[in-house]
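If you read the protein sequences in the order shown, they are chains H and E.
To convert, note that position 9 of the first sequence is 8 in numbering that gives the first Met the number 0; the numbers rise steadily by one, no gaps.
To convert, note that position 253 of the second sequence is 252 in numbering that gives the first Met the number 0; the numbers rise steadily by one, no gaps.
From the three backbone atoms N, C-alpha and C, an ideal C-beta is built for every residue, glycine too.
Down below is the structure, laid out as structure tokens.
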Amino acid sequence: MGKVDFGGVRKDACLAYIPEVQLGDYVIIHVGFAISRVDEDEALKTLEILAQMGDLVQTELATMGPGMDAPAVVSDDDEPVSGVFATPATGAPGGRA
Amino acid sequence: MKHLDEYRDPVLARKLITEIHRITTRPWTLMEVCGGQTHTIVKQGIDEALPEGVRMIHGPGCPVCVTPLEQIDKALAIAARPDVIFTSYGDMLRVPGSTTDLLALKARGADVRIVYSPLDALKIAVANPDKEVVFFAVGFETTAPANATAVAEAARRGIDNFSVLVSHVLVPPAMVALLESPANQVQSFLAAGHVCAVMGWTEYEPIAAKYRVPIVVTGFEPLDLLEGILMAIRQLEEGRHEVENQYARAVKREGVPLAQQQIFDVFEIGARKWRGIGEIPASGYRLRANYARFDAESRFSVGDIHTQEHPACIAGAILTGEKTPLDCTAYGTLCNPQKPLGAPMVSSEGTCAAFFSAGRGLGGLRTLSPAMPLLQVAPIAPARQPDTAEAAR
Numbered sequence: 000m001g002k003v004d005f006g007g008v009r010k011d012a013c014l015a016y017i018p019e020v021q022l023g024d025y026v027i028i029h030v031g032f033a034i035s036r037v038d039e040d041e042a043l044k045t046l047e048i049l050a051q052m053g054d055l056v057q058t059e060l061a062t063m064g065p066g067m068d069a070p071a072v073v074s075d076d077d078e079p080v081s082g083v084f085a086t087p088a089t090g091a092p093g094g095r096a
Numbered sequence: 000m001k002h003l004d005e006y007r008d009p010v011l012a013r014k015l016i017t018e019i020h021r022i023t024t025r026p027w028t029l030m031e032v033c034g035g036q037t038h039t040i041v042k043q044g045i046d047e048a049l050p051e052g053v054r055m056i057h058g059p060g061c062p063v064c065v066t067p068l069e070q071i072d073k074a075l076a077i078a079a080r081p082d083v084i085f086t087s088y089g090d091m092l093r094v095p096g097s098t099t100d101l102l103a104l105k106a107r108g109a110d111v112r113i114v115y116s117p118l119d120a121l122k123i124a125v126a127n128p129d130k131e132v133v134f135f136a137v138g139f140e141t142t143a144p145a146n147a148t149a150v151a152e153a154a155r156r157g158i159d160n161f162s163v164l165v166s167h168v169l170v171p172p173a174m175v176a177l178l179e180s181p182a183n184q185v186q187s188f189l190a191a192g193h194v195c196a197v198m199g200w201t202e203y204e205p206i207a208a209k210y211r212v213p214i215v216v217t218g219f220e221p222l223d224l225l226e227g228i229l230m231a232i233r234q235l236e237e238g239r240h241e242v243e244n245q246y247a248r249a250v251k252r253e254g255v256p257l258a259q260q261q262i263f264d265v266f267e268i269g270a271r272k273w274r275g276i277g278e279i280p281a282s283g284y285r286l287r288a289n290y291a292r293f294d295a296e297s298r299f300s301v302g303d304i305h306t307q308e309h310p311a312c313i314a315g316a317i318l319t320g321e322k323t324p325l326d327c328t329a330y331g332t333l334c335n336p337q338k339p340l341g342a343p344m345v346s347s348e349g350t351c352a353a354f355f356s357a358g359r360g361l362g363g364l365r366t367l368s369p370a371m372p373l374l375q376v377a378p379i380a381p382a383r384q385p386d387t388a389e390a391a392r
């Protein structure tokens, strides 16, 4: 089990299926289990392709709102989750309840 | 939030819509498989921003909606027993069975508890050794690893007062059933991103080839859906029919092997009945023989339960995309999220609930299509539409 941070709300999650996950990684959590590690390189690559595609319109839009599934960040309870002050998660990734 | 806000960027959204309009030369019919995708599409008005003739059919990928009435009635029969603590994901509680629902049963004194994860149900079983704790194991491939883990843990730790009422369904056989139907109109699928995160997409390759349908593994944010639609239409326009991956940041071709291993350790593939669709061969999971003692259906002898749908509800035709909620006489009148007749109105992922919360067809609640500003080049006033779902919270 590990701790994950859903934009401020911290919960336990089982990380057994993606043992390669590191502190600070983004993961997708479904019913308490991490089912995917979000690949930052791929995320940025997609956005880059989209940004390059056409440039017809500059107008801001106000209609976009929140969608459904929010990625969560792997963290522990009290320590910073990334950067120089980060410490390893208390629950070993890959452990079970 | 990182990786999230960027995928809601309105400037990029408009670029994608412009590009979709630019490459589209013919009418096309696409289906988004997953209810989470339906929710984003309807809420953001993405379907209304597409070129004329490009139609989104909302697929059957809402676990609450496709759980057959029989299973709900079995759940009700088990939950009504005084020796049982019945546990479930929250969205199953209001799904109407033949006569009542789990929430009403709870109000009448039954011990029905909402859990966030099946492991929470296990904890309840450990804490209440004198009770039978039953977990309603529903869902698609996304919840299967979690539900399988709970059963495997119960076996490993000898938690014998725990059992599961299984109603697990699989996406690819449902897609095949739709494609085989003579009434089928779907020319391309947006596959469900999180199902594919677990299972990968190798299962979809033979389907794309055999039925000559482009399949695009797609995420859940507005930009994900727009890019998925663009990729699907591009394939259709070019006469290709491949499996492509829009959701590369979360999905790998092979999926998550450890999760698959856990699923197939506990479950095997079998026929399943789908609410509104009927029985589809090899379309769900059931417990393997060595875990049969955790099967709540046999433990509580509820196998022989008969069912009856509400006569006004057209949930079946909505789940297969033949009709929309606007074709239903009960939509918004007899049936609303506070008092749902059928499952698609219960879950926030259901098509009827998505239409309702977007105010569609409810007497001009939304006279101006929310999609229109996406297509205007002139500066626009903030046109955020009232969001009944958020307002209700």
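Confirm the yes/no value for this check: CB of residue i, any heavy atom of the ligand NAP, distance under 8 angstroms.
i: Met55/E; result: Of the ligands one can find in the structure shown there are none, so the ligand NAP has no counterpart to examine.
Using a C-beta to C-beta distance shorter than 7 angstroms, which residues of chain H count as neighbours of residue i?
i: Arg248/E; result: Val37, Asp38, Glu41, Ala42 and Thr45
i: Leu11/E; result: Leu49 and Ala50
i: Thr142/E; result: His29 and Val30
i: Leu222/E; result: Leu49
i: Glu5/E; result: Leu46
i: Thr319/E; result: What Thr319/E touches in chain H: nothing, since even the nearest Cβ is about 22 angstroms away.
Exposed or buried, what is residue i when buried is set at 16 or more other beta-carbons lying within 10 Å of its beta-carbon?
i: Ala78/E; result: buried
i: Pro205/E; result: exposed
i: Gln186/E; result: buried
i: Ile331/E; result: In the sequence as presented, Ile is not what sits at residue 331/E; that position holds Gly. Looking at its Cβ environment, which holds 16 or more other Cβ atoms inside 10 Å, Gly331/E is buried.
i: Tyr203/E; result: buried
i: Ile276/E; result: buried
i: Ala281/E; result: exposed
i: Leu14/H; result: buried
i: Asn244/E; result: buried
i: Arg155/E; result: exposed
i: Cys182/E; result: Looking at the sequence provided, one finds Ala at residue 182/E rather than Cys. It is exposed - the Cβ of Ala182/E has fewer than 16 other Cβ atoms within 10 Å.
i: Asn146/E; result: buried
i: Ala6/E; result: The residue asked about is misnamed: residue 6/E is Tyr in this sequence, not Ala. That one is buried.
i: Arg359/E; result: buried
i: Ala270/E; result: exposed
i: Ile19/E; result: buried
i: Glu131/E; result: buried
i: Ile48/H; result: exposed
i: Lys44/H; result: exposed
i: Ala353/E; result: buried
i: Gln70/E; result: buried
i: Thr201/E; result: exposed
i: Tyr246/E; result: buried
i: Asp24/H; result: buried
i: Ala126/E; result: exposed
i: Asp223/E; result: buried
i: Ser87/E; result: buried
Check the DSSP bridge columns for residue i and list the partner residues they point to.
i: Phe135/E; result: Leu164/E
i: Thr332/E; result: Answer is none; Thr332/E lacks a bridge partner.
i: Phe5/H; result: Val8/H
i: Trp419/E; result: For chain E, the structure presents residues 0 to 392; residue 419/E sits outside this window and is missing.
i: Asn183/E; result: In DSSP, Asn183/E forms no bridge with anything.
i: His57/E; result: Glu31/E
i: Arg112/E; result: Thr86/E
i: Arg155/E; result: Paired residues: none, contrary to the question.
i: Leu189/E; result: Glu31/E and Val215/E
i: Cys13/H; result: Phe32/H
Since residue i and residue j should fall inside the 8 angstroms C-beta cutoff, what is the C-beta to C-beta distance between them, to a whole number of angstroms?
i: Leu29/E; j: Leu189/E; result: 7 angstroms
i: Ile173/E; j: Pro59/E; result: For the record, residue 173/E in the displayed sequence is Ala; it is not Ile. Rounded, the Cβ-Cβ distance is 6 angstroms, consistent with contact.
i: Ala143/E; j: Val170/E; result: Actually they do not touch by this definition, with Cβ atoms about 11 angstroms apart.
i: Ile27/H; j: Val37/H; result: 7 angstroms
i: Gly254/E; j: Cys61/E; result: Gly254/E to Cys61/E, Cβ: 21 angstroms. No contact.
i: Arg287/E; j: Val265/E; result: 6 angstroms
i: Arg274/E; j: Leu68/E; result: 6 angstroms
Using a C-beta to C-beta distance shorter than 8 angstroms, which residues of chain H count as neighbours of residue i?
i: Val133/E; result: In chain order: nothing, as chain H lies at least about 17 angstroms away.
i: Tyr88/E; result: Val30
i: Leu257/E; result: Ala15, Tyr16, Ile17 and Pro18
i: Ala154/E; result: None at all; the shortest Cβ gap to chain H is about 13 angstroms.
i: Ala196/E; result: Ile27, Ile34 and Ser35
i: Thr332/E; result: Within 8 angstroms Cβ-Cβ: nothing; Thr332/E doesn't reach chain H, min ~27 angstroms.
Which chain E residues are close to residue i, counting only those with a beta carbon under 8 angstroms from its beta carbon?
i: Gly98/H; result: Summary: the structure shown does not reach residue 98/H, with chain H confined to residues 0 through 96, and so no result is reported for it.
Can you name the residues of chain H whose CB is closer than 9 angstroms to the CB of residue i?
i: Glu226/E; result: Thr45, Ile48 and Leu49
i: His193/E; result: Ile27, His29, Ile34, Ser35 and Asp68
i: Thr66/E; result: The contacting residues do not exist; Thr66/E stays about 15 angstroms from chain H at best.
i: Thr99/E; result: Going along chain H, no residue has its Cβ under 9 angstroms from Thr99/E, so there is no contact; the nearest lies around 25 angstroms.
Would residue i pass as an interface residue toward chain B - the criterion being a Cβ-Cβ separation below 9 angstroms?
i: Lys10/H; result: Among the protein chains of the structure shown, namely H and E, there is no chain B.
- [ ] Report the residue ranges of all alpha helix (DSSP H) runs contained in full by the region 260-328 of chain E; include only those spanning at least 4 residues, in chain order.
- [x] 295-298 and 314-318
Open item on the list: Quick check on the DSSP output: what are the complete beta strand (DSSP E) runs of length 3 or more inside the region 223-266 of chain E, in order along the chain?
Closed with: 242-244
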